[in-house]
Amino acid sequence: MLSKPWAAKFADAILLVAYQAVAALGPKQSENSPKVTIVVPVYNVREFLPLCLHSVRAQRYPNLEVIVIDDGSSDGSFELAASFDEIMSIRVLQKTNGGLGAARNTGFERIEETDYLLFLDSDDALPLGALWRYVRAAESNAVDFVVSPAKRMRGLSFRWRADARQFYSNQGSRSTTFLNDPLAIRDVTAWNRLFRWDFWKKHELRFPEGVLYEDMAPMARAFCCAERFYVLNRAGYYWRVRTGDNKSITQRLGEFENLRDRMQSLQKTLKVLLGAIEAGQANNKNLLEFQLRVASIDLQLHLPFVASGDSQYDDLLKETAKQLLGDCGPEFWQRVQGRFAPVLKQIVQN
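According to the UniProt record's numbering, the stretch in the sequence shown is residues 1 to 350, in order.
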């Protein structure tokens, strides 16, 4: 019941009222606040966009720039976003549809000057105070970026993301490195972190275009390149799980294109890690945790759709599983979690 479409609309209405009430107080007075730029890629999300943008207003952050990139919407999302220029500092730009990676790239390429960069998907939202927590952690600890756990927002249900829970719950908030915190590879989404703009530019980070799961390899590379990053243990992001017919990328797991792009992204991420090991930025523990992630999460998400009649789908999953996990021994398989672990092991070893 709590995850039904009506529950999602009810939860959005409650959150929207709260965000608008807080935003009405105006930006907090704070001298010398570093500038933060938030890039919001938009594509046919008119239903969810008000909550997203009001959640930004409700941060009450005084030195904020919002860049909205409309990726060829046809539902009025562009016009709706443009109407927010009356109540917040926002630039709304249009481009021909090219996918999420291209929209994000277009957004940060339009930055003229800033101190920090954050990506926010247009069907998601920021918890109250999240932006301040990001900035304070970054400024106090002199790190390259700050990352925080996300809560899955599904109707009236707000739950921690299970895939990255171990990374966040192990030690609490901390300044760390990828070598010391190999579980970081469990969380390679672009949207729950605040980057120092100089770091982003120095390493020429950008997203692959025209594919799904475009953030995996770049975020893995960010972990490898960072001298230090900071882990917050409070939720810094609300990630929407859609409850209606308009499903998000991660809710279309049975489609071949979805599987193909995830498998390609995993291969690219492996390449990043192997290069980082050669450069001394990562080690075999990082590689092991990546393989455990692949076996416990990525491949098992798609296993229920095997043997559903698409031989191309089945062959690609099995081939990629053997490529990524074929050299893993008994001790590895004892650590693999998930109810489909025995099935996956059989696929890899046959």
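Each residue gets a CB set at the ideal place from its N, CA and C atoms; glycine is no exception.
Note that this is a predicted model, so its numbers are computed, not measured.
Residue i - containing beta strand (DSSP E), residue span
| i | result |
| --- | --- |
| aspartate 298 | Counting along the chain, aspartate 298 falls outside any beta strand (DSSP E), and DSSP gives it neither H nor E. |
| phenylalanine 332 | From DSSP, phenylalanine 332 is part of no beta strand (DSSP E) but of the alpha helix (DSSP H) over 330–335. |
| lysine 35 | Run containing lysine 35: none; DSSP gives neither H nor E here. |
| arginine 252 | No beta strand (DSSP E) holds arginine 252; DSSP gives it neither H nor E. |
| leucine 232 | No beta strand (DSSP E) contains leucine 232, which DSSP labels as neither H nor E. |
Within 8 angstroms, strictly: CB atoms of residue i and residue j
| i | j | result |
| --- | --- | --- |
| glutamate 209 | asparagine 105 | yes |
| valine 42 | serine 73 | yes |
| residue 431 | arginine 46 | Outside the displayed span of the chain (1 to 350) sits residue 431, for which this structure offers no information. |
| aspartate 261 | tyrosine 313 | no |
| tryptophan 239 | alanine 150 | yes |
| methionine 263 | leucine 316 | yes |
| threonine 243 | alanine 8 | yes |
| glutamate 65 | lysine 95 | no |
| proline 218 | glutamate 289 | no |
| alanine 282 | leucine 273 | yes |
The alpha helix (DSSP H) enclosing residue i, as first and last residue numbers
| i | result |
| --- | --- |
| alanine 279 | 256–279 |
| threonine 106 | 100–109 |
| tryptophan 239 | Per DSSP, tryptophan 239 belongs to no alpha helix (DSSP H); it is in the beta strand (DSSP E), 237–240. |
| tyrosine 19 | 5–23 |
Beta-carbon separation (whole angstroms), residue i vs residue j, contact threshold 8 angstroms
| i | j | result |
| --- | --- | --- |
| tryptophan 197 | aspartate 115 | 6 angstroms |
| leucine 126 | tyrosine 230 | Wrong, their Cβ atoms sit about 17 angstroms apart, outside the cutoff. |
| valine 294 | methionine 153 | The Cβ separation is near 26 angstroms, so there is no contact. |
Residue burial classification, residue i (beta-carbon count within 10 angstroms, cutoff 16)
| i | result |
| --- | --- |
| glycine 329 | exposed |
| valine 17 | exposed |
| tryptophan 200 | buried |
| aspartate 124 | buried |
| asparagine 97 | exposed |
| aspartate 298 | buried |
| glutamate 109 | exposed |
| lysine 202 | exposed |
Sheet register partners of residue i (DSSP bridge)
| i | result |
| --- | --- |
| aspartate 181 | Per DSSP, none; premise fails for aspartate 181. |
| leucine 93 | Ile69 |
| lysine 318 | Per DSSP, none; premise fails for lysine 318. |
| serine 157 | Arg154 |
| leucine 212 | DSSP, once it has assigned bridges, lists no residue as partnering leucine 212. |
| proline 41 | Ile69 |
| serine 175 | Tyr230 |
Neighbour flag for residue i against chain B, beta carbons, 8 angstroms
| i | result |
| --- | --- |
| alanine 321 | Here there is only one protein chain, and chain B is not present. |
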